[in-house]
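The working numbering puts the sequence shown at residues 618 to 808.
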Amino acid sequence: MANNIIKTIQESIAVKQAICQDETLINTIQQVANVITGSLQQGHKILFCGNGGSAADAQHLAAEFSGRFYKDRTPLYAEALHCNSSYLTAVGNDYGYDQVYARILRGIGQPGDVLVGISTSGNSANILEAYKVAKGKGMIVVSMTGRSGGKMKDDSDYLLNVPSADTPRIQESHITIGHIICEIVENNLFP
């Protein structure tokens, strides 16, 4: 039993080490932090979306921005788009689940806002539909995915693709990357 625990921890560490060795990914993390900083400085929103565990990650990261991370500071406008269950079930029922994020973006998305889509496979239909709306509105699209980037990579301005195909390891790394971005943004805005 202890061997399985140690093996899982070692697998998680190996993914983080692979991230450290991926110069493109490291540079993209910095670029995304800079883009989010600039967007917030201009009064724009950071919007997150995902499904299942990735929805939980979206909500977690939105809370780090809108609540606090390390510093007691002014809240930043960040929101996870799935938190209104009445909205989700109404739109899912009336328009189809693939429209739940696209429809809300038609109402609240503005040029210069940042949409962060989180999907371990990179193939979530409702996120891909949201990207179409976001692009049409002049929003900035950031994808957090697994190794291949899936279909989302083609519609992304910035791709944060964790070098793994293991869903739990990808999700752990999404939180790590999200925390790094939040820390950089917080330090940029509140030195």
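Cβ atoms here follow ideal geometry from the backbone N, Cα and C, with glycine treated the same way. Just so you know, these numbers come straight off a predicted model, no measurement behind them.
| task | Figure out for me which residue from 626, 685, 677 has the closest Cα to the Cα of residue 665. | result | Among 626, 685, 677, the Cα nearest to that of residue 665 is on 677.
| message | Please report the straight-line C-alpha distance between residue 729 and residue 788, rounded to a whole angstrom. | response | About 27 Å.
| task | Determine the DSSP secondary structure at residue 700, reduced to helix, strand or coil. | result | In the structure shown, residue 700 adopts coil according to DSSP, grouped into three states.
| So what's residue 778 in DSSP terms, helix, strand or just coil? | Correct three-state label for residue 778: strand.
| task | Within its chain, find whatever has a CB closer than 8 Å to the CB of residue 809; leave out the 5 residues flanking it on each side and keep chain order. | result | Here the chain covers residues 618 to 808 and nothing more, so residue 809 does not appear.
| query | Between which two residues does the alpha helix (DSSP H) harbouring residue 665 extend? | reply | From DSSP, residue 665 is part of no alpha helix (DSSP H) but of the beta strand (DSSP E) over 663-667.
| field | Buried or exposed by the 16-neighbour rule on C-beta atoms within 10 Å, applied to residue 700 | value | Its Cβ having fewer than 16 others within 10 Å, residue 700 is exposed.
| task | Could you pull out every residue in the same chain whose Cβ sits closer than 6 Å to the Cβ of residue 737, ignoring the five residues on either side in sequence? | result | If we look at residue 737 and ignore the five residues flanking it on each side, its Cβ neighbours are 763, 784, 787.
| request: Could you please give the first and the last residue of the uninterrupted beta strand (DSSP E) stretch that includes residue 762? | output: In the DSSP annotation of this structure, the continuous segment of the beta strand (DSSP E) that includes residue 762 starts and ends at 757-762.
| request: Please classify residue 766: does DSSP put it in a helix, a strand, or coil? | output: The three-state reading of DSSP puts residue 766 in coil, since its state is none of H, G, I, E or B.
| field | According to DSSP, residues forming a beta bridge with residue 708 | value | As computed with DSSP, residue 708 is found in no beta bridge at all.
| Can you name the residues that DSSP bridges to residue 734? | Paired residue(s): 666, 760.
| query | Can you give the Cα-Cα distance for residue 781 and residue 632, rounded to whole angstroms? | reply | Spanning the two alpha carbons is a distance of roughly 7 Å.
| field | Residues of its chain near residue 795, where Cβ-Cβ distance is below 6 Å and the 5 sequence neighbours each way are ignored | value | The beta carbon of residue 795 sits closer than 6 Å to those of 678, all from its chain and outside the five residues before and after it, given in chain order.
| task | Take every Cβ of the segment 746-754, pair it with every Cβ of the segment 717-735, and state whether three or more of those distances are shorter than 8 Å. | result | Result yes; three or more Cβ-Cβ pairs closer than 8 Å.
| Can you give the beta carbon distance from residue 675 to residue 667, rounded, assuming they're within the 8 Å contact cut? | Separation of the CB atoms of residue 675 and residue 667 is rounded to 4 Å, and the pair is thereby assigned contact status at 8 Å.
| Going by alpha carbons, who is nearest to residue 715 out of 696, 691, 703, 742? | A check of alpha carbon separations from residue 715 across 696, 691, 703, 742 identifies 742 as the nearest.
| query | Going straight from the alpha carbon of residue 687 to that of residue 798, what length do you get? | reply | Distance from the CA of residue 687 to the CA of residue 798, rounded to the nearest whole angstrom, comes to 12 Å.
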